[in-house]
Structures are given as C-alpha cells and as structure tokens.
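Engineer: Encoded as structure tokens, here's the structure I'll be asking about.
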Amino acid sequence: RVEKILELVDKAAESHKRRVSTAVINEVLEEAVGWHSPTVSRSGRQGKIYYGTQVTSQPPTIALFVNDSKRFNDNYRRYIERQFRQHLGFQGTPIRILWRSKKARDAESTNVNRATRVS
14 RVEKILELVD KAAESHKRRV STAVINEVLE EAVGWHSPTV SRSGRQGKIY YGTQVTSQPP
74 TIALFVNDSK RFNDNYRRYI ERQFRQHLGF QGTPIRILWR SKKARDAEST NVNRATRVS
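Below is the structure:
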C-alpha cells in the first residue's frame, strides 16, 4: 500500500515539473474546441481561442490567448482544464490557466507605446 502511494506521489511530482510544447497544447485545444465550441453570448458573439502556450512549470501554467476572456463561462473553463489533464497527463497536480484577452493585450501595448514615445 505504501509503495503504491509513493508511486502516485512520484507521478504527481513528475507531472508538476512537466513541460509541454506549444504545438501539443494547440493540438489539444483544436480537438477540444472541435468537440465542444464556446457558447455564444446574448449579443451573438462567441469566444475564440487563438492559441495556448505553457509559460511556467511547477505548477504547470498555460496562457490561452483569446478574443475576450469574459466570453468563456466557468463550465467551459473547467472543460478546457479537464482536456489538458486528460491529454497532457497533468494528474495529481494543480494547473493554472491564464485567459489573456486581446483587448487587454492591445491596451498594454498602447500604454507601452505611449510611455516610450519621446516628444
């Protein structure tokens, strides 16, 4: 019994340190969105996932670049997390998923451009 527990702890520690390429993450996302697309909001707009990449490990952190993070409800966020756990082998470790909106990125780049501009 103790050996099985230690074996599971080793697997969890291994998955905690695991690195996954951007290509593999995007394959999982493409398949997941193909099976279950994001819901359409009342205004008729749908959330879009452009791509994902792993930004850190320990714990595994994946950044998803999307059009608007507010368009993804909690159920869909859990669905994407389950897909990552199932297909990438992140059992036994927490996964952080950062939903980065295009609007927020555009605002950041505009602020950087304003700050570096010399008049």
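First residue of the sequence shown: 14, per the numbering used here; consecutive thereafter.
All C-beta atoms, glycine included, are put in the ideal place defined by N, C-alpha and C.
State the CB to CB distance for the pair residue 109 and residue 70, rounded to an integer number of angstroms; the pair is presumed to be in contact (CB under 8 Å).
Structural biologist: What you label residue 109 is simply residue 96 of the sequence shown in a count that begins at 1. What you label residue 70 is simply residue 57 of the sequence shown in a count that begins at 1. At roughly 10 Å, the Cβ-Cβ gap does not stay under 8 Å, so residue 109 and residue 70 are not in contact.
Engineer: Looking at the strands, I want to know which residues DSSP matches up with residue 21.
Structural biologist: Residue 21 sits at position 8 when you count from the first residue of the sequence shown. Paired residue(s): none; residue 21 is not in a bridge.
Engineer: Taking residue 100 as the reference, give the member of 45, 19 and 21 with the closest Cα.
Structural biologist: As a working mapping, residue 100 is identified with position 87 in the sequence shown. Comparing Cα positions, the closest option is 45.
Engineer: On the three-state DSSP scale, how would you describe residue 58?
Structural biologist: Position 45 of the sequence shown holds residue 58. Three-state DSSP puts residue 58 in coil, outside helix and strand.
Engineer: Tell me which same chain residues have a C-beta within less than 6 Å of the C-beta of residue 80, skipping the five on either side of it?
Structural biologist: Within the sequence shown, numbered from 1, the residue matching residue 80 stands at position 67. Only 61 and 115 meet the Cβ criterion.
Engineer: Looking at C-alpha atoms only, which residue of 19, 87 and 93 is the closest neighbour of residue 47?
Structural biologist: Here residue 47 is taken as the residue at index 34 of the sequence shown, counted from 1. If we check each option's Cα against that of residue 47, 93 comes out closest.
Engineer: Short of 8 Å in beta carbon distance, which residues of its chain neighbour residue 59, apart from the five on each side in sequence? Order them along the chain.
Structural biologist: For the purposes of this step, residue 59 is identified with residue 46 of the sequence shown, where counting begins at 1. Within the same chain, residue 59 has close Cβ partners 50, 51, 52, 53 and 84.
Engineer: Output the distance between the C-alpha atoms of residue 63 and residue 89, rounded to the nearest integer angstrom.
Structural biologist: Against the sequence shown, residue 63 aligns to sequence position 50. Against the sequence shown, residue 89 aligns to sequence position 76. So the alpha carbons of these two residues sit roughly 15 Å apart.
Engineer: Under 8 Å between the Cβ atoms of residue 66 and residue 111?
Structural biologist: Here residue 66 refers to the residue found at position 53 of the sequence shown. Here residue 111 refers to the residue found at position 98 of the sequence shown. Against a cut-off of 8 Å, the Cβ pair of residue 111 and residue 66 comes out as no contact.
Engineer: In the DSSP output, which residue or residues are listed as bridge partners for residue 78?
Structural biologist: Here residue 78 is taken as the residue at index 65 of the sequence shown, counted from 1. According to DSSP, residue 78 bridges with 64 and 113.
Engineer: 8 Å is my cut-off, CB to CB: does residue 106 come that close to chain C?
Structural biologist: As a matter of chain content, chain C is missing from the structure shown, which is built from one protein chain.
Engineer: Taking 7 Å as the line, does the beta carbon of residue 85 fall inside it for any heavy atom of the ligand SAM?
Structural biologist: Annotation note on the ligand SAM: not contained in the displayed structure, which lists no ligands.
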